[in-house]
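Residue numbers (the numbering used here), protein chains in the order written: chain A, 1 to 157; chain B, 1001 to 1224.
Here is the structure we will look at, set down as structure tokens.
Rendered as structure tokens:
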């Protein structure tokens, strides 16, 4: 079932995978920026909204010694790959994989947002941007799945 | 779809659970991180780093518990030392603005105790080594990173004479001095950390190396 091809119903007049891919790319840029800054020992530019430095230096900014932003890059690359592959192949399982992977990310981002607000006491605007973009991607994937003909239904090819 | 959702929820919760568990417990004593910055200790004189005749004095009002102070110490100060302190343009003077521990209301104030430990190191001519070791082992605010036994382990790792350190910390004099300097700073307008005073001009908030460098160059030019 997962490997069957089902044509996608357009979203905003285009293949929904393109919408997901654009958002995945935006997420990749944000996580990439934070990772590069972290790798070169810099401070994320927060502008007038303070808090990036506190979040970046907090003990919660790393998991197992690896900066959280690096995981964000990996997740975005994986999601972008799935979106592009789905766009090119219409394989139903790729949409579900994008949905499932973004749900995992949303759960972690919910936890990380909780830490920022209630434990660290500072909010990193870059992190929030990434978290919002991931939530939007998850919701879009869910809506697209909901509207999508399922394998075995008439649109399958 | 339901299977995918359940599997994703299970994996997501496992990831969060791992993140929570690997943060569990307070910072261990036997797992200290060495500092990643090299200090030209030949230029050190107590809490001052640099030549006495340097035309620019950079006072750094800082708290060892403040995350932005840690960033300044580990990511900004090395460049300032290389570009301005070693060539003799500026000297850095460390000042205590030990605010962060006050809000807990606890008897043991990690900001004050860590600053006192650094002052005890200064008595042994090792303030800047201790400064680097303390910031390298920052592990959250008011969460036990600078509890007495861990601070002692940090002092030992920084190469202090532990008998002298223990005696120094036990008198309480350094803690009194830290609180007094913090109070002086507050009355002088220091209400955030880190705050830099460069030849009398006050700079607060997160500052980049180019911003501070420009301020030092301007101050050096003004000083003639």
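Don't be surprised by glycine CBs; every beta carbon is placed ideally from N, CA and C.
- Proximal residues to residue 101/A (C-beta, below 8 Å), its chain only, five neighbours per side dropped: 75, 78, 79, 82.
- Going along chain B in order, which residues have a C-beta closer than 7 Å to the C-beta of residue 145/A? Correct list: 1001.
- Task: Check each candidate in 143/A, 127/A, 88/A and name the one with the smallest Cα separation from residue 99/A.
- Result: That would be 143/A, whose Cα lies nearest to the Cα of residue 99/A.
- Task: Give me the Cα-Cα distance between residue 1157/B and residue 1119/B, rounded to the nearest whole angstrom.
- Result: Spanning the two alpha carbons is a distance of roughly 16 Å.
- Message: Is the separation between the beta-carbon of residue 1195/B and that of residue 1202/B shorter than 9 Å?
- Response: Cβ distance < 9 Å, so residue 1195/B and residue 1202/B count as in contact.
- Item | Own chain partners of residue 51/A with C-beta closer than 6 Å, once the 5 adjacent residues on each side are dropped | When the five nearest sequence neighbours on each side are left out, the beta carbons in the same chain lying within less than 6 Å of the beta carbon of residue 51/A are those of 122, 123, 124, in order along the chain.
- Message: Going residue by residue through the region 94-157 of chain A, where are the continuous alpha helix (DSSP H) segments of at least 4 residues, counting only ones entirely within it?
- Response: You should have 125-147.
- Message: Within the continuous beta strand (DSSP E) that includes residue 1093/B, where are the two ends?
- Response: Boundaries of the beta strand (DSSP E) around residue 1093/B: 1090-1096.
- Item | From 1033/B, 1171/B, 1082/B, 1142/B, residue whose alpha carbon lies closest to that of residue 1107/B | The shortest Cα separation from residue 1107/B among 1033/B, 1171/B, 1082/B, 1142/B belongs to 1142/B.
- Task: Name the one or two DSSP bridge partners that residue 1057/B has.
- Result: Answer is 1091/B.
- Below 8 Å CB to CB, which residues in the same chain sit around residue 1166/B once its five sequence neighbours on both sides are set aside? Contacts found: 1152.
- Contact between the region 1039-1054 of chain B and the region 1083-1092 of chain B: three or more CB pairs below 8 Å? With contact defined as three or more Cβ pairs closer than 8 Å, the region 1039-1054 of chain B and the region 1083-1092 of chain B are in contact.
- Cβ neighbours of residue 156/A in the same chain (closer than 8 Å, five flanking residues each side left out): Confidence is the limiting factor: at residue 156/A the pLDDT is only 48, short of 50, which leaves the residue's position unreliable, though a coordinate-based value still follows. Within the same chain, 4, 5, 6, 149 come within 8 Å of residue 156/A by CB-CB distance, once the 5 residues on both sides are set aside.
- Query: Would the region 1124-1143 of chain B and the region 1066-1074 of chain B be scored as touching if the rule is three or more Cβ pairs under 8 Å?
  - Reply: Cβ pair count under 8 Å is three or more, so yes.
- Message: Does any residue of chain B have a CB that is nearer than 9 Å to the CB of residue 108/A?
- Response: Closer than 9 Å: yes.
- Quick one, are the C-beta atoms of residue 1155/B and residue 1117/B less than 9 Å apart? Closer than 9 Å, so yes.
- Message: For the region 51-69 of chain A, list every residue whose C-beta sits within 9 Å of some C-beta in chain B, in sequence order.
- Response: The region 51-69 of chain A vs chain B, Cβ under 9 Å: 52, 53, 54, 55, 56, 57, 58, 59, 60, 63, 64, 68.
- Query: Can you name the residues of chain C whose CB is closer than 8 Å to the CB of residue 1013/B?
  - Reply: Considering every chain present, this structure includes no chain C. Its protein chains are A and B.
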